[in-house]
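Top line first, the protein sequences correspond to chains A, B, C and D.
The opening position of the first sequence corresponds to residue 8 in my numbering, with each subsequent residue numbered one higher.
The opening position of the second sequence corresponds to residue 8 in my numbering, with each subsequent residue numbered one higher.
The opening position of the third sequence corresponds to residue 8 in my numbering, with each subsequent residue numbered one higher.
The opening position of the fourth sequence corresponds to residue 8 in my numbering, with each subsequent residue numbered one higher.
Ideal Cβ positions, reconstructed from N, Cα and C, are used throughout, including at glycine.
Predicted model, so just to flag it, every value in this text is computed and none were measured.
4 protein chains.
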Amino acid sequence: MSGDIEQLKLRLREFAAVRDWDQFHSPKNLSMALIAEAAELVEHFQWLTEAQSSNLKPDKLAEVAAELADIFIYLIRAADTLGIDLIAATQRKIEHNERKYPVEQVRGSAKKYTEYR
Amino acid sequence: MSGDIEQLKLRLREFAAVRDWDQFHSPKNLSMALIAEAAELVEHFQWLTEAQSSNLKPDKLAEVAAELADIFIYLIRAADTLGIDLIAATQRKIEHNERKYPVEQVRGSAKKYTEYR
Amino acid sequence: MSGDIEQLKLRLREFAAVRDWDQFHSPKNLSMALIAEAAELVEHFQWLTEAQSSNLKPDKLAEVAAELADIFIYLIRAADTLGIDLIAATQRKIEHNERKYPVEQVRGSAKKYTEYR
Amino acid sequence: MSGDIEQLKLRLREFAAVRDWDQFHSPKNLSMALIAEAAELVEHFQWLTEAQSSNLKPDKLAEVAAELADIFIYLIRAADTLGIDLIAATQRKIEHNERKYPVEQVRGSAKKYTEYR
Chain A
8 MSGDIEQLKL
18 RLREFAAVRD
28 WDQFHSPKNL
38 SMALIAEAAE
48 LVEHFQWLTE
58 AQSSNLKPDK
68 LAEVAAELAD
78 IFIYLIRAAD
88 TLGIDLIAAT
98 QRKIEHNERK
108 YPVEQVRGSA
118 KKYTEYR
Chain B
8 MSGDIEQLKL
18 RLREFAAVRD
28 WDQFHSPKNL
38 SMALIAEAAE
48 LVEHFQWLTE
58 AQSSNLKPDK
68 LAEVAAELAD
78 IFIYLIRAAD
88 TLGIDLIAAT
98 QRKIEHNERK
108 YPVEQVRGSA
118 KKYTEYR
Chain C
8 MSGDIEQLKL
18 RLREFAAVRD
28 WDQFHSPKNL
38 SMALIAEAAE
48 LVEHFQWLTE
58 AQSSNLKPDK
68 LAEVAAELAD
78 IFIYLIRAAD
88 TLGIDLIAAT
98 QRKIEHNERK
108 YPVEQVRGSA
118 KKYTEYR
Chain D
8 MSGDIEQLKL
18 RLREFAAVRD
28 WDQFHSPKNL
38 SMALIAEAAE
48 LVEHFQWLTE
58 AQSSNLKPDK
68 LAEVAAELAD
78 IFIYLIRAAD
88 TLGIDLIAAT
98 QRKIEHNERK
108 YPVEQVRGSA
118 KKYTEYR
């Protein structure tokens, strides 16, 4: 990792260290905290239509931004405690997906999309 | 956003566009995809002890890295479709947390930690 | 609990006992297994419209039924290991909800519904 | 379904109908509500050890019981809107699991357990 994520990683590492919270931050526990935050994102959208979810009012959008931040915080912490380079792993995964879903075979079809997943 | 995340965002935007998959990528749907990937991370750890979750074998660690990447991919896509700057939102949230959990009040206590959350 | 759930509870208790799997079935671990199964349900619906999710083909419906069953299995196990009567707790919660969402105040409005949640 | 679950199903059906909330209760939306409730269960346990999760104080246990109830409510609603018999589906799944995890092959081993999953 480098750049912005590296800075966030170090800041979050310090945040946990000075509070003596590393003892709670096992990968197992962090995976639970991450999914709990992901669920708060889901909760914002569960009774909205897809179109409504794309047209949030500013106050709602600010709440959703804070949920995305919470997810990102635990994602960075999980990667850090496991020694995983998040950027490199993601680049590898995108390359994998580009091979797995060839444009000419999956384009523009919900059906094909779903089947391919 | 800038740097590495900006590059990933543009690459993922292109990935969806050339496959004509933007039609599926409403924030509502992306929140579902994100939590489904978060659950695959949880699945790796659900029968492990906390200590075991910190000591994964290389092949398992590679699988976990791919799960973190999947989460990150949908997190970036969600932020992009909502027009949210993920880095800025996360910096704001960390500042908020630093004020919310003052070091001298929460340090080293699981009980205090849990109550404060 | 009584009746059908009681029978499932005893059968699942036996299932775990004869395999010596009680050692893995802490409430913490069971909550992780439960949400992992809930995510498999979500995965079936994440790229479908709401209307499509109400009109599944028979083979898809059978898969979804198996996901609901998996969720129910871990829900029953979690309640059992915690000594919670699932039926009684649910009746109490429905009564609570009936008071919390009075018909005349919340009827027929997505906005009110969302606000009240 | 029969007995207690049948009664809960009818009561929840009435609860939604008189509030005109069926319009929100697509299987897709109910799967989101269900996983959001599952995450609230996870949140109770995320910073606890497995042993602590088995020894909750009465007030915490009451909160956890309410979370299990919320999960059950959306599970019953999801099954109802999909026309799935939850008890029958669960009995089928348990039979499937009994064949999939033969006692003599999986007993007493975390490793085998994990591999078999």
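The Cβ neighbour count for Asn62/B, taken over all protein chains shown within 10 Å, is under 16; the residue is labelled exposed. Taking a 10 Å sphere around the C-beta of Asp29/C, we find fewer than 16 other C-beta atoms and assign the residue as exposed.
In the structure shown, Ser60/D adopts helical secondary structure according to DSSP, grouped into three states. Judged by their CB atoms, Asp87/D and Lys16/D are nearer to each other than the 8 Å cut-off. Nearest to Ala76/A by C-alpha distance, out of Gln14/B, Leu48/B, Glu102/B, Arg114/B, is Glu102/B. According to the DSSP assignment, Phe52/D belongs to the alpha helix (DSSP H) that extends over 34 to 52.
Contact of Ile78/D with chain B is not assigned, every C-beta pair being separated by 8 Å or more.
Put simply, the CB of Asp87/B is far from chain A, with every gap to its CB atoms at 8 Å or more. If the five residues before and after His51/D are omitted, its C-beta is found closer than 6 Å to the C-beta atoms of Val71, all from its own chain and listed in chain order. Residue burial annotation: Lys100/D is buried, with at least 16 other C-beta atoms found within 10 angstroms of its C-beta.
At the C-beta level, Glu57/A and Ser33/B come within 8 Å of one another. For Leu68/B, the secondary structure class from DSSP, reduced to helix, strand or coil, is helix. Taken through DSSP and simplified to helix, strand or coil, Arg106/A comes out as helix. At least one CB atom of chain B sits nearer than 8 Å to the CB of Ile42/D. Chain A places a beta carbon closer than 8 Å to that of Lys100/B, counting this residue as a contact. Rounded to whole angstroms, Asp27/D and Asn104/D show a C-alpha spacing of 39 Å. Apart from the 5 residues on each side of it in sequence, Leu19/C sits with its Cβ closer than 8 Å to the Cβ of Ile80, Ile83, Arg84, Asp87 in its chain, given in chain order. Straight through space, the alpha carbons of Glu21/C and Gln53/D are spaced by roughly 27 Å. With a threshold of 16 other beta carbon atoms within 10 Å, Val49/A meets it and is buried.
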